[in-house]
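>
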Amino acid sequence: MGCHRPLCIRRRLRTHLRKTFQESIARMKSLNKKSTNLLASLLLSAGLLQATPILAEEAAKPVPQPQTLVTINGRNISDMEVLAFNALQGKQPANTREAQVKLLNQLINTTLIAQQGEKAGLEKLPNVKAAIDMARLQVLAEAQVNNYLSTHPVSEEEIKAAYEKKYSEENLQEYKVRHILVQTEDEAKKVIESLNKGADFAELAKAQSLDPSKENGGELGWISRQQVVKPFGDAMVKVAKGSYSKEPVQTPFGWHVIEIDDIRKQKAPPLEEVKAQLTNELRQRKLAEYITELRKSAKIELAGAEKPKKEVEAK
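Shown next, in the form of structure tokens:
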């Protein structure tokens with residue numbers, strides 16, 4: 052007959068948990084990779100995008116069925132839930148027995164507390180319900196982001212075209228730039244008049260520029276056209292080495308006068324060296340276009356007459 056003493060039962064439970072955890076880790080390893088939150092990165096940027104690369108998960112793979120690890124007051128806890136719980140805490144996969152047991156105990160404790168919250172009816176409180184709803188919404192959105200990118204992968208042709216565009220002859224040029232930023236066009240014209248009369252650009256920048264670069268005489272260092280907003284870049288490439296812009300340049304930041312101290316040509320990196328970065332940039336673009344199309348076809352209604360309706364609809 053089998054041993055039914057408490058010590059024997061605990062040993063069998065530990066053996067069962069260790070074996071099940073090890074099997075689960077092996078089956079779920081591909082689902083446990085830590086990746087950058089695409090949606091959060093997108094929503095941080097104006098117009099949905101910044102230059103920061105955004106990483107997507109690899110193409111969707113068949114998802115294994117969850118296996119129950121433990122039952123708490125009739126509530127089954129699966130291996131997938133343990134891994135999701137671990138990911139929510141921003142931790143690396145629990146690959147040792149000690150870490151696995153610790154993680155499971157943390158989830159057991161959390162579940163027990165949550166069950167008491169359910170008994171108290173806390174999930175019906177408006178703020179708690181809103182938090183639960185938003186957590187669910189976030190998970191679904193991230194899942195759809197990964198689903199969309201796996202069904203709309205970046206092709207080799209797209210990567211090659213992006214490489215040729217990004218590292219074209221024009222975009223390989225780098226400019227050593229100074230600038231003076233002021234609030235109005237008239238102020239910028241007065242700066243240009245002073246330069247025409249022989250004033251020192253760096254001294255004018257220190258005295259009049261609104262940009263923090265004023266402390267360095269307006270120096271921005273070496274930059275390429277792709278690194279700056281379009282109006283600035285378009286004007287910058289037209290200024291000759293050793294000269295300055297003869298007309299004020301308007302950007303969302305204000306009005307600029309631009310000086311080019313030097314020009315040099317970069318060497319294009321090998322495609323393989325920048326392939327991952329280009330792939331991520333293309334994924335960003337695909338996702339931004341997807342969200343734009345969703346917004347176009349969606350019915351978005353803002354409550355209240357004072358809400359910024361046009362600004363929201365234009366995003």
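Sequential numbering of the sequence shown, starting at 52, is according to this note's numbering. A virtual CB, placed ideally from N, CA and C, is assigned to each residue, including glycine.
1) The alpha helix (DSSP H) with V16 in it runs from where to where?
2) Inspect the beta-carbon positions of S264 and L271 and report whether they are closer than 8 angstroms.
3) Would you mind stating whether R334 and L120 have Cβ atoms separated by less than 8 angstroms?
4) For G284, count neighbouring Cβ atoms within 10 angstroms of its own Cβ and tell me buried if that reaches 16, exposed if not.
5) Would DSSP call D184 helix, strand or coil?
6) Excluding the five sequence neighbours on either side, which residues of its own chain have a C-beta within less than 6 angstroms of the C-beta of A253, listed in chain order?
7) So the alpha helix (DSSP H) S348 belongs to, where does it begin and stop?
8) Can you have a look at R229 and say buried or exposed, based on whether 16 or more other CB atoms are within 10 angstroms of its CB?
9) Hey, could you find the ends of the alpha helix (DSSP H) V152 is sitting in?
10) Using a Cβ-Cβ cut-off of 7 angstroms (strictly less than) and excluding sequence neighbours within five positions of N222, which residues of its own chain qualify?
11) Once you ignore the five residues that flank A213 on each side, which residues in its own chain have a CB closer than 8 angstroms to its CB?
12) What span of residues does the alpha helix (DSSP H) with I210 cover, start to end?
13) Look up S264 in the DSSP assignment and say whether it is helix, strand or coil.
14) What's the C-alpha gap between V308 and K180?
15) Pairs of beta-carbons, one from the stretch 155–166 and one from the stretch 122–132, closer than 8 angstroms: are there three or more?
16) Short of 7 angstroms in beta carbon distance, which residues of its chain neighbour V290, apart from the five on each side in sequence? Order them along the chain.
17) Among the residues of its own chain, which have a CB less than 8 angstroms from the CB of K292, if the five just before and after it don't count?
18) Just the C-alpha distance for M185 and A192, rounded to the nearest angstrom, thanks.
19) Grab me the residues of E238's own chain with a C-beta within less than 7 angstroms of its C-beta, minus the 5 sequence neighbours each way, in chain order.
20) Please state whether DSSP places L353 in a helix, a strand or coil.
21) Thinking just about the alpha-carbon of each residue, which of A319, A250 and Q143 is nearest to the one in S219?
22) Which same chain residues end up closer than 6 angstroms to K337 when comparing Cβ atoms and leaving out the 5 residues on each side of it in sequence?
23) Out of Q301, W273, E344 and K326, which one is the CA nearest neighbour of Q317?
24) Classify V190: buried if its beta carbon has 16 or more other beta carbons within 10 angstroms, exposed otherwise.
25) CB-CB under 6 angstroms to F136, same chain, minus the five flanking residues each way: which ones, in chain order?
26) How should P177 be labelled, buried or exposed, when 16 other C-beta atoms within 10 angstroms of its C-beta is the threshold for buried?
Looking at the coordinates:
1) The requested residue 16 does not occur in the structure, where the chain is confined to residues 52 to 366.
2) Yes, the Cβ-Cβ distance between S264 and L271 is below 8 angstroms.
3) no
4) buried
5) helix
6) G268
7) Run containing S348: L322 to S348, per the alpha helix (DSSP H) assignment.
8) buried
9) R148 to K170
10) Same-chain partners within the cutoff: S275, R276 and Q277.
11) L329, E332 and L333
12) E207 to K217
13) Helix.
14) 53 angstroms
15) yes
16) Result list for V290: S296, I309 and I311, in chain order.
17) I311, D312, D313 and I314
18) 10 angstroms
19) Excluding positions up to five away in sequence, the list reads W306.
20) coil
21) A319
22) Non-local beta-carbon contacts of K337 in its own chain, meaning distances under 6 angstroms to residues more than five positions away in sequence, involve H203 in chain order.
23) W273
24) exposed
25) Listed in chain order, the non-local C-beta contacts of F136 below 6 angstroms within the same chain comprise L158, local neighbours out to five positions each way being set aside.
26) Classification of P177: exposed, given that the 10 Å Cβ count is below 16.
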